[in-house]
Amino acid sequence: MKPRIELKIPSQLVFLGVPDAVLMELAGDMPFDRKQIDELSTSVIEACTNAMEHGNQLREDRQVEIHFDFAEDEIEVSVFDQGPGFDFSCWRPPQDIMAERGRGILIMREFTDDLEFGHAPDGRFRARLRKRFHNGR
Amino acid sequence: MKPRIELKIPSQLVFLGVPDAVLMELAGDMPFDRKQIDELSTSVIEACTNAMEHGNQLREDRQVEIHFDFAEDEIEVSVFDQGPGFDFSCWRPPQDIMAERGRGILIMREFTDDLEFGHAPDGRFRARLRKRFHNGR
Amino acid sequence: MKIKERKRDGVAVLELSGKIMGGEDSAAFESTLKTLIHEGILNVIVSLERVTWVNSSGLGILISGYSTMKNNGGELKLLKVSNRIESIFMVSKLHTVFESFDDEDEAVRSFS
Amino acid sequence: MKIKERKRDGVAVLELSGKIMGGEDSAAFESTLKTLIHEGILNVIVSLERVTWVNSSGLGILISGYSTMKNNGGELKLLKVSNRIESIFMVSKLHTVFESFDDEDEAVRSFS
Ligand SMILES: Nc1ncnc2c1ncn2[C@@H]1O[C@H](COP(=O)(O)OP(=O)(O)O)[C@@H](O)[C@H]1O
Ligand SMILES: Nc1ncnc2c1ncn2[C@@H]1O[C@H](COP(=O)(O)OP(=O)(O)O)[C@@H](O)[C@H]1O
């Protein structure tokens, strides 16, 4: 059985460090490359930021749920929010290099091997990030 | 509304570092005394160790669930397992200083302000640890 | 995010620490820069040495600060960007915008 | 838990790192001590400098090691016990059992 860790945090930016701390703690015991863990964790923070802001509208009665699924050479992270979601097929990379927002999805796309958005069976909106790891750090 | 963080980890000792990492991350942003956070986290690790070993019998299909409830000057942590539990009123402090086991509950009792064991409404066994914090670090 | 301010040879060194993640951080950073401009200090070094991580909203704060300084005839440069943060600058192509240094003396000299 | 072994003046210094939490750690530690005894090394210093935390099962490992050395006419002493771990020794009264040092030279000298 593949180990899974589940985490629920309130929709407040101050809690964005928690999923990062979880990944960093686990990475310390796993043979994953540091740079790759950084990239995954940065992507997870982006997904959680969006889930809090765009999905849950920073409402404090709404939680963001995060699943970490560990396999031999891969980590899959799912981030759930209670908002309406958005259509990823319409997403385009940002054009204005000096724009203050609009880089979250770009970062997730560049830093993961597989990025999917969609609705989970229970109706929540889900971002799913997968990253494969080569051994050695 | 008081913020709550929920965490579920598999019943494998390698994951005992996760609740510690969560508390340490949050403590960094809160005005809590370092020594007190250490004591709480040590107690939470004991509760999770017991939940994994005595409660879930280290079975990998059973998870340990941990709730962190934050208030102004207090953190309450609940640890749930799927075992039969035990009767805390029959607990006695260990006598043999050189015994290799039997110090978990002693540590929890000394390091928290309030320690309770019992069954949650859903039938799971719950350890509940509360610690009050004086300001300043 | 916390901000600690020092001055060296007419250059302000802002040492950021913690997480740069938008929200309240944004106003705090902007008001620090405004105060410096008001004092006539237009050259700013932002040290990221003690920053754990930056998210894309945090990048926005740095970009906004960069623009604020430029628009007032000044400059904002970065110091001690970690590997983790550097790679975020790379994918968002912001390394072509920000000048960055590993050595503080060099960063200070670059203004003269 | 990881174990790194060094020898100094006939004393073995075992540098533990990570978390000491029972399970597999127990056998690894015990077999390291058995090998030392086999080599005739009876004085052991266990450095906890790089240990993040110890739980009560981890205490059991240290106690078992202490007993193993004693039973073979040797000694096990501790080095660089952090505040966090020290307080666990205090509540379980194990500070009355283990001799502990902050300075390695001093710990080594204490055997002679
Ligand atoms: N979880 C989500 N729920 C709803 N909309 C989202 C979500 N995540 C992303 N979006 C949409 O995608 C857009 C682009 O996101 P992103 O690239 O992270 O930039 P930013 O968050 O700075 O706008 C957002 O502005 C939002 O409209
Ligand atoms: N979650 C639990 N479920 C069932 N029994 C428990 C649980 N936690 C503690 N116990 C019982 O209490 C005893 C004492 O626990 P503790 O003081 O932590 O020492 P140890 O775990 O080393 O035996 C355990 O041996 C076990 O019988």
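Protein chains in written order, with this note's numbering: chain A, -15 to 121; chain B, -15 to 121; chain C, 195 to 306; chain D, 195 to 306.
Ideal Cβ positions, reconstructed from N, Cα and C, are used throughout, including at glycine.
Predicted model only: the values in this text are computed from it and were never measured.
Rounded C-alpha distance that separates residue i from residue j
i: Arg121/B; j: Arg46/A; result: Confidence at Arg121/B is low in this model, with a pLDDT of 42, below 50, so the placement of that residue should be treated as unreliable; the coordinate-derived value is given next. Cα to Cα, the separation comes out at about 31 Å.
i: Pro77/A; j: Gly254/C; result: 16 Å
i: Ile81/A; j: Val240/D; result: 54 Å
i: Met215/C; j: Val(-2)/A; result: 9 Å
i: Leu99/B; j: Arg116/A; result: 42 Å
i: Asp297/C; j: Gly204/C; result: 17 Å
i: Ile29/A; j: Leu0/A; result: 6 Å
i: Ile(-7)/A; j: Glu49/A; result: 7 Å
i: Glu199/C; j: Ser258/C; result: 18 Å
i: Leu221/D; j: Met36/B; result: It should be pointed out that residue 221/D corresponds to Ala in this sequence rather than to Leu. Spanning the two alpha carbons is a distance of roughly 20 Å.
i: Phe72/B; j: Ser62/B; result: 16 Å
i: Leu42/A; j: Gly67/B; result: 37 Å
i: Lys201/C; j: Glu293/D; result: 49 Å
i: Ala31/B; j: Trp75/B; result: 15 Å
Chain B contact for residue i (CB, 8 Å cutoff)
i: Met215/D; result: yes
i: Lys201/D; result: no
i: Arg244/D; result: no
i: Thr33/A; result: no
i: Glu(-10)/A; result: yes
Below-8 Å beta-carbon distance, residue i vs any chain C residue
i: Lys19/A; result: yes
i: Gly120/A; result: Legend: pLDDT at Gly120/A = 49, less than 50; position of this residue unreliable, no value from coordinates given.
Beta-carbon proximity of residue i to residue j, cut-off 8 Å
i: Leu242/C; j: Ile279/C; result: yes
i: Leu270/D; j: Phe295/D; result: no
i: Asn266/C; j: Leu288/C; result: no
i: Phe109/B; j: Asp65/B; result: yes
i: Glu(-10)/A; j: Phe95/A; result: no
i: Leu210/D; j: Val245/D; result: yes
i: Ile91/B; j: Ser(-5)/B; result: no
i: Thr262/C; j: Glu233/C; result: no
i: Arg85/A; j: Ser251/C; result: yes
i: Glu9/A; j: Val2/B; result: yes
Test: residue i CB closer than 8 Å to a CB of chain A
i: Asp71/B; result: no
i: Val285/C; result: yes
i: Leu230/C; result: no
i: Val291/C; result: yes
i: Ile197/C; result: no
i: Gly1/B; result: yes
i: Glu60/B; result: no
i: Asn249/C; result: yes
i: Val6/B; result: yes
i: Glu30/B; result: no
N- and C-terminal bounds of the alpha helix (DSSP H) containing residue i
i: Gln47/A; result: No alpha helix (DSSP H) holds Gln47/A; the beta strand (DSSP E) holding it covers 47 to 55.
i: Pro3/B; result: 1 to 11
i: Ile282/C; result: 277 to 285
i: Leu(-3)/B; result: Element bounds for Leu(-3)/B: n/a, residue is neither H nor E.
i: Leu273/C; result: No alpha helix (DSSP H) contains Leu273/C, which is instead part of the beta strand (DSSP E) from 269 to 273.
i: Gly252/D; result: 250 to 265
i: Ile235/D; result: No alpha helix (DSSP H) holds Ile235/D; DSSP gives it neither H nor E.
i: Lys19/B; result: 18 to 34
i: Asp299/D; result: 298 to 303
i: Leu90/A; result: 88 to 95
First and last residue of the uninterrupted beta strand (DSSP E) at residue i
i: His103/B; result: 98 to 103
i: Ala83/A; result: That residue, Ala83/A, is in no beta strand (DSSP E); it is neither H nor E in DSSP.
i: Phe292/D; result: No beta strand (DSSP E) contains Phe292/D, which DSSP labels as neither H nor E.
i: Ser62/B; result: 58 to 65
i: Phe109/B; result: 109 to 116
i: Lys213/C; result: 205 to 214
i: Glu199/C; result: 196 to 202
Beta carbon proximity, residue i to chain E, threshold 8 Å
i: Glu56/A; result: The chain inventory of the structure shown lacks chain E, comprising the protein chains A, B, C and D.
Residue-level contact to chain D via CB, residue i, 8 Å cutoff
i: Gly88/B; result: yes
i: Ile(-7)/B; result: no
Distance cut-off 7 Å: residue i Cβ against heavy atoms of ligand 4
i: Arg93/A; result: Ligand 4 is not among the ligands present in this structure, which contains only ligand 1 and ligand 2.
With contact counted as at least three CB pairs below 8 Å, one residue from each stretch, are the region 97 to 108 of chain A and the region 5 to 15 of chain B in contact? No, the region 97 to 108 of chain A is not in contact with the region 5 to 15 of chain B.
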